[in-house]
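Residue numbers (my numbering): 2 to 278.
Where a beta carbon is used, it is the ideal one built from N, C-alpha and C, also for glycine.
Below is one structure, written out as structure tokens; the observations come after it.
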Ligand SMILES: [Zn+2]
């Protein structure tokens, strides 16, 4: 009888259901943390310990699925088959003549018809891209190979899969927060925004500083083993550095270490080519 008279409170969550949601949130946090930290494995090519929650087949499928959207964002594929074949030839030569071949990824190399954005990309599983804005600035085939070798290393290093695992962890934790603050009158408001964010994150994925350094350093090894001049990786950095002094800094540097730091690491790698995998 008493409860019926305080009707304004009836639509609010009761103490009991709030307790259950908090418990569910804690369980979700536990599951996210457990699945992340139990996913530790050693990269078979680089020997690096990493957290990976998806397998190689999934990496390849996700990369292929996201490739058209990424290409579309940067002008689509450059409509010159001869030049596309040239980029392919350099890419396959690098993979087939270096330790990168041990990764067994089905690589594809693409030139994007964007003469404004100076950038190159690698999606998980072997989809590699370079914009014409970057390609046009490179002066030698060794430098083109340098950029491609760097991107190949993002694939071999499974940097994309690592990002996805971290994203899943943070999304699991966000999911737990959503659950605790879940509004029964407006059930989809936060979840749909989260799903949209996850797709955007994948296509605009930025690798971390450590990933970039590993790709520079082991990219030098790929160049060297495939018979290109590995010191041209420094030339690539200098060209990117020069481009960043103009009005529009290359997006290549948006979340990257500064070129000076990178050149130091590359010089070090050039002196230690015997350490290559
Ligand atoms: Zn990179």
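Residue 216: CB within 8 angstroms of a non-hydrogen atom of ligand 1: Residue mapping note: residue 216 aligns to position 215 of the chain shown, counting from 1. Yes, since a heavy atom of ligand 1 falls inside the 8 angstroms radius drawn around the Cβ of residue 216.
At a Cβ threshold of 9 angstroms, is residue 128 touching chain D? Checking the listed chains, one finds no chain D in this structure; it contains a single protein chain.
Could you check where the alpha helix (DSSP H) with residue 225 kicks off and where it finishes? The residue you call residue 225 lines up with position 224 of the chain shown. 210-226 is the extent of the alpha helix (DSSP H) around residue 225.
Inter-residue Cα distance where the pair is residue 28 and residue 35: Counting from 1 along the chain shown, the entry for residue 28 is found at position 27. Counting from 1 along the chain shown, the entry for residue 35 is found at position 34. The C-alpha of residue 28 lies about 10 angstroms from the C-alpha of residue 35.
Specify, as a first and last residue, the run of the alpha helix (DSSP H) that residue 70 falls within. In the chain shown, counting from the first residue as 1, residue 70 sits at position 69. Per DSSP, residue 70 belongs to the alpha helix (DSSP H) from 57-74.
Does the distance from the CB of residue 123 to the CB of residue 161 come in under 9 angstroms? Numbered from its first residue, the chain shown carries residue 123 at position 122. Numbered from its first residue, the chain shown carries residue 161 at position 160. For residue 123 and residue 161, yes; Cβs fall inside 9 angstroms.
Coarse secondary structure for residue 24, derived from DSSP in three states: Here residue 24 refers to the residue found at position 23 of the chain shown. Helix.
State the DSSP-derived secondary structure class of residue 144, mapped to helix, strand or coil. Locating residue 144 in the chain shown gives position 143, counting from the first residue. In this structure, residue 144 counts as helix in the three-state DSSP scheme.
Taking 8 angstroms as the cut-off, does the stretch 74-94 touch the stretch 38-53 (at least 3 CB pairs, one atom from each stretch)? The stretch 38-53 and the stretch 74-94 do not touch, with fewer than 3 CB-CB distances between them shorter than 8 angstroms.
Kindly indicate which residue of 223, 142, 31 has the alpha-carbon position closest to the one of residue 237. One-based indexing of the chain shown puts residue 237 at position 236. For the residues 223, 142, 31, the minimum Cα distance to residue 237 belongs to 142.
Helix, strand or coil, according to DSSP, for residue 96 in the structure here? Position 95 of the chain shown, counted from the start, is the residue given in the question as residue 96. Reduced to three states, the DSSP call for residue 96 is helix.
For residue 150, I'd like the list of residues in its chain whose CB is within less than 6 angstroms of its CB, leaving aside the five on either flank, ordered along the chain. Numbered from 1 along the chain shown, position 149 holds the residue referred to as residue 150. Cβ neighbours of residue 150 beyond the five flanking positions: 95, 220, 223, 224.
How about the stretch 206-219 and the stretch 112-119: do they share at least three Cβ pairs that are nearer than 8 angstroms? Between the stretch 206-219 and the stretch 112-119, the count of Cβ pairs shorter than 8 angstroms is below three; the stretches do not touch.
Tell me, please, which residues DSSP counts as bridged to residue 50. Counting from one through the chain shown, the residue named residue 50 turns up at place 49. DSSP, once it has assigned bridges, lists 43 as partnering residue 50.
Hey, how far is the Cα of residue 74 from the Cα of residue 21? Here the question's residue 74 lines up with position 73 in the chain shown. Here the question's residue 21 lines up with position 20 in the chain shown. Near 44 angstroms, if we compare the C-alpha coordinates of residue 21 and residue 74.
If you follow the alpha helix (DSSP H) that residue 135 is in, where does it begin and where does it stop? Translated into positions along the chain shown, residue 135 becomes position 134. Taken as a continuous stretch (DSSP letters only), the alpha helix (DSSP H) holding residue 135 covers 133-138.
Identity of the residues DSSP links to residue 271 by a beta bridge: Taking the chain shown and counting its residues from 1, one reaches residue 271 at position 270. Answer is none; residue 271 lacks a bridge partner.
Anyone know if the C-beta pair for residue 231 and residue 274 falls short of 9 angstroms? Residue mapping note: residue 231 aligns to position 230 of the chain shown, counting from 1. Residue mapping note: residue 274 aligns to position 273 of the chain shown, counting from 1. Closer than 9 angstroms, so yes.
Name the one or two DSSP bridge partners that residue 281 has. In the structure as shown, the chain begins at 2 and stops at 278. Residue 281 is therefore absent and cannot be evaluated.
State the Cα-Cα distance for the pair residue 100 and residue 272, rounded to the nearest angstrom. As a position in the chain shown, residue 100 is number 99, starting the count at 1. As a position in the chain shown, residue 272 is number 271, starting the count at 1. Roughly 19 angstroms between the two C-alpha positions.
Is residue 208 near ligand 1 - that is, is its Cβ less than 8 angstroms away from at least one heavy atom of it? Mapped onto the chain shown, residue 208 falls at position 207. Ligand 1 approaches residue 208 closely enough that one of its heavy atoms is under 8 angstroms from the residue's Cβ.
On the DSSP bridge list, what partners appear for residue 78? As a position in the chain shown, residue 78 is number 77, starting the count at 1. Residue 78 is bridged to 113.
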